[in-house]
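Each remark here refers to the structure printed beneath this line.
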Amino acid sequence: MLERGKGSVFNTGSIIALIICFAVTYILEAIFAFLTGKRSKKAMFIIFLANIITNPAANLVYWTAGSYFNKIILVLLIETGVVVSEWGCYVNFKHEFIHPARFSLGANIFSYFAGSIILLFIKGVL
Numbered sequence: 849m850l851e852r853g854k855g856s857v858f859n860t861g862s863i864i865a866l867i868i869c870f871a872v873t874y875i876l877e878a879i880f881a882f883l884t885g886k887r888s889k890k891a892m893f894i895i896f897l898a899n900i901i902t903n904p905a906a907n908l909v910y911w912t913a914g915s916y917f918n919k920i921i922l923v924l925l926i927e928t929g930v931v932v933s934e935w936g937c938y939v940n941f942k943h944e945f946i947h948p949a950r951f952s953l954g955a956n957i958f959s960y961f962a963g964s965i966i967l968l969f970i971k972g973v974l
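Under the working numbering, think of the first position of the sequence shown as 849, with each following residue one higher.
Listed below in structure tokens is the structure:
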């Protein structure tokens, strides 16, 4: 069971990290949406809501299970779940997302790799 405090995912630093991860993911997926012609406030709000559902869950699963599983396989499983979940959100708004599966897959591939590049810059690798 997860405990509150310094060594858990339920501390102030972790909450701030979750917020930063969410914000960066949302910004990147909003950029992808803008580049693919989804520029309405409604589309941006739907993307925001889909990410509120999926992003914190994905990060918490990665942080808690990352030391127990192969990270590549874990990321593939988590991202597959995120794509399917967001696809389920977007399919209900066909007037905004004509191809919800393609949009979900594209937005998540874009945000994952762009986010990875940003992280490499932050760490000073690039």
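A virtual CB, placed ideally from N, CA and C, is assigned to each residue, including glycine.
- prompt: Touching or not, the segment 938–946 and the segment 903–912, by the rule of three or more beta carbon pairs under 8 Å?
  reply: no
Residues that residue 958 bridges to, as DSSP identifies them: Note: residue 958 sits in no beta bridge, so no partner.
- prompt: Would DSSP call residue 893 helix, strand or coil?
  reply: helix
For residue 917, the three-state DSSP class (helix, strand or coil): coil
message: Residues in the same chain with beta-carbon distance under 7 Å from residue 866, minus the five sequence neighbours each way, listed in chain order, please.
response: 904 and 907
message: Quick check: the Cα distance between residue 894 and residue 955, rounded to an integer number of angstroms?
response: 13 Å
field: Inter-residue spacing [alpha-carbon to alpha-carbon] between residue 942 and residue 897
entry: 16 Å
field: Unbroken alpha helix (DSSP H) run spanning residue 864, endpoints
entry: 860–883
- prompt: Are residue 934 and residue 952 closer than 7 Å when you measure CB to CB?
  reply: yes
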